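Report on the structure given below.
Numbering (the numbering used here), first residue to last: 106 to 550.
Put into C-alpha cells, the structure is as follows:
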C-alpha cells in the first residue's frame, strides 16, 4: 500500500533541528527577510537624510538671524568679524550637511533600491521567485526521507500497540488460572490470544526494525540533498550580507565629515578669524571714531551774511566733520563706503543691553524693539503743534540716536519749527520721531 507524502500532517516535530521535517522553512523565510531588510535600510537612510536636511536648514536660519543681530548690536571691529566668522562656519557646515543628505538619497538609497530590484523577483501570484525555488528544492530533497519517516512512525505505533495488547492478554490469562468459574474452553481461548499477540509483536517488531533500517539507509542521501539546497540559500544570503557591508561603508564615508578637506578648512579659517581679533586695534578704532580722537570744529567768530539763512551751529559743524554735507548730496558708492568706518550706526553701536539674559527668545536682548531701533525717545515728547508736510532735498544719515535718516525725495511731517541751531523735529511715515537739518527739506506746496 502506497503512502502519500504530506510534510504538514502525520509527523510530529520532536526537536528544533534543521533536519526535522519542515524546519527548512526558517531558511526559506530568510529570503523574504532579506527583501524586508533592504526596505528597512532604505527607510533608515531616508530618515537620516531628513535629519541632515533639517539640521542644515536650522544652521542656516540660526546664522542668518544672528548675523543680523550682531550687525545691529554694539559689537565692533575685529571682534565683530570674529563673531561673524561663527555664522560663516554655520553656513558652510550647512552646505556640507546638505551634501550628506544628497549622497544618502541619490547614491546609497538608490543603490539599495536597484540591488533589491535585481536580487528579488516578484511573482504574479505574490511572493518572490527565489523564495518559491528554495521552498520547492527543500521539499523535493526532504520528500523521500519524510515518506520513510512516516512509515517508521506507523510501524513503531503498530509495534507498541501489539506489545500493549500482548501484555493485556498475558494478564488476563494469569487471572483466569485462579478463577474456578472459567471452563477449559475459555482458558484455551485466552491462551490462544496470548500466543497470537506474541506473533503480532514479532511481526510488527520486524516491520518496525526494517523501516528503521531503510530510513537509516536513506538518511545520508537526504542529508546530502538538504545540504546542497541549504548552501544555495547560503550563497544568496552571502551576496546580501556583503552588499549591506559595502553600502554601510559608503554611508560611513558620506557621514564622516572629518575626512572632508573642506570641512577641516572651515575650522582652520574660523580659528584664524578668531585669532585675528585684536583688542588694541578695536580700542584704537573706537577712540578715533567715537572718543577723544575725533576731530572737532571748535566755535569761532563768524560774520553775518545775507546769503545764509542761518549761522552754522556748533552741532552742524560737528556733523560736517563726520562726513555730512549741509549744502549738497551725500557721496555714494565706493566713496561712501570709504568714509563709513563701520556698518553699524552710531545709535545701534552705543545702545546698552542687559547682561543677565539667557538663550530663551523672550530674554534675548537683541529681539527687543529697542535693539532694532523701533522705539523712539521722542514718542512721548512729540507735541501736537502745527504739522507741515515736507520733502527731502538730499540724503541724510542720522548720526545720533535722536536723528532721522531719509533719502532725497522722501516725504515726512515737520512737527516743530526750526530751532536756533537750525534743526527741526519731524516724524517719518513709519512713526519714528527725531531731529533733522532744516535746510535739507522743503515744504510741499
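Idealized CB from N, CA, C, for every residue including glycine. Fair warning: this is a prediction, and the values are worked out from it, not measured in the lab.
Is the distance from the Cβ of residue 350 to the Cβ of residue 139 below 8 angstroms? Not in contact: residue 350 and residue 139 (Cβ atoms no closer than 8 angstroms).
Among 203, 329 and 196, which residue has its Cα nearest to the Cα of residue 360? Nearest option by C-alpha distance: 203.
Roughly how far, in whole angstroms, is the beta-carbon of residue 235 from the beta-carbon of residue 226, given that I think they are within contact range, below 8 angstroms? The pair is a contact, with the Cβ atoms about 7 angstroms apart (cut-off 8 angstroms).
What residues in its chain sit with their C-beta under 7 angstroms from that of residue 379, if we drop five residues either side in the sequence? Spatial neighbours of residue 379 in its own chain (CB-CB distance under 7 angstroms, excluding positions within 5 residues in sequence) are listed in chain order as 187 and 190.
In the DSSP output, what is residue 542 paired with across the bridge? Looking at the DSSP output, residue 542 sits in a beta bridge with 528.
Measure the Cβ-Cβ separation of residue 259 and residue 309 and say whether it is below 8 angstroms. It is not a contact, given that the beta carbons lie outside the stated cut-off.
Quick check on the burial criterion: 16 or more other C-beta atoms within 10 angstroms. Buried or exposed for residue 397? By the neighbour-count criterion, in which 16 or more other beta carbons inside 10 Å mark a residue as buried, residue 397 falls on the exposed side.
Please give the ranges of any alpha helix (DSSP H) in the stretch 121-194, keeping only runs that are unbroken, at least 4 residues long and fully inside the region. The qualifying runs are 130-177.
As assigned by DSSP and simplified to three states, the class of residue 499: DSSP places residue 499 in coil when its eight states are reduced to three.
Is the stretch 232-248 touching the stretch 384-400, taking contact as three or more C-beta pairs under 8 angstroms? Too few Cβ pairs lie closer than 8 angstroms, so no.
In chain order, what residues of the same chain have a beta carbon less than 6 angstroms from the beta carbon of residue 519, not counting five sequence neighbours either side? Cβ within range, chain order: 493, 495, 529 and 531.
What residues are listed by DSSP as bridge partners for residue 548? Its beta-bridge partners are 495.
Among 337, 326 and 282, which residue has its Cα nearest to the Cα of residue 135? Out of 337, 326 and 282, 337 has the C-alpha closest to the C-alpha of residue 135.
Does the beta-carbon distance from residue 320 to residue 253 come in below 8 angstroms? Yes, these two residues count as a Cβ contact at 8 angstroms.
What is the residue span of the alpha helix (DSSP H) that residue 293 lies within? In this chain, the alpha helix (DSSP H) harbouring residue 293 covers 289-360.
Can you tell me which of the three DSSP states residue 214 falls into? Three-state DSSP puts residue 214 in a helix.
Just grab the DSSP bridge partners of residue 278 for me. Looking at the DSSP output, residue 278 bridges to nothing.
Just curious, the beta strand (DSSP E) that residue 517 is in, first and last residue? Segment 516-521, the beta strand (DSSP E) holding residue 517.
Close beta carbons around residue 356, own chain, < 6 angstroms, minus the five adjacent residues each side: Here the set comprises 213.
Would you identify the three-state DSSP class for residue 591, choosing helix, strand or coil? Past the edges of the chain, shown from 106 to 550, lies residue 591, and the structure says nothing about it.
Can you give me the Cβ contacts of residue 167 inside the same chain, cut-off strictly under 7 angstroms, excluding the 5 residues immediately before and after it? Annotation for residue 167: 195 place their beta carbon closer than 7 angstroms to its own, counting only its chain and skipping 5 residues before and after.
By DSSP, does residue 511 sit in helix, in strand, or in coil? Residue 511: strand per DSSP, three-state reduction.
Have a look at 535, 517, 534 and 404 and flag the residue whose alpha-carbon is nearest the alpha-carbon of residue 545. With distances taken between Cα atoms, residue 545 lies closest to 517.
Excluding the five sequence neighbours on either side, which residues of its own chain have a C-beta within less than 6 angstroms of the C-beta of residue 206, listed in chain order? For residue 206, where only same-chain residues beyond five positions count, the Cβ hits under 6 angstroms are 154, 157 and 158.
Burial state of residue 477 (16 or more Cβ within 10 Å): Reliability of the predicted coordinates at residue 477 is poor, the pLDDT of 42 falling under 50, and the value obtained from them is presented with this limitation in mind. With fewer than 16 Cβ atoms within 10 Å of its Cβ, residue 477 is classed as exposed.
Would you identify the three-state DSSP class for residue 233, choosing helix, strand or coil? DSSP places residue 233 in strand when its eight states are reduced to three.
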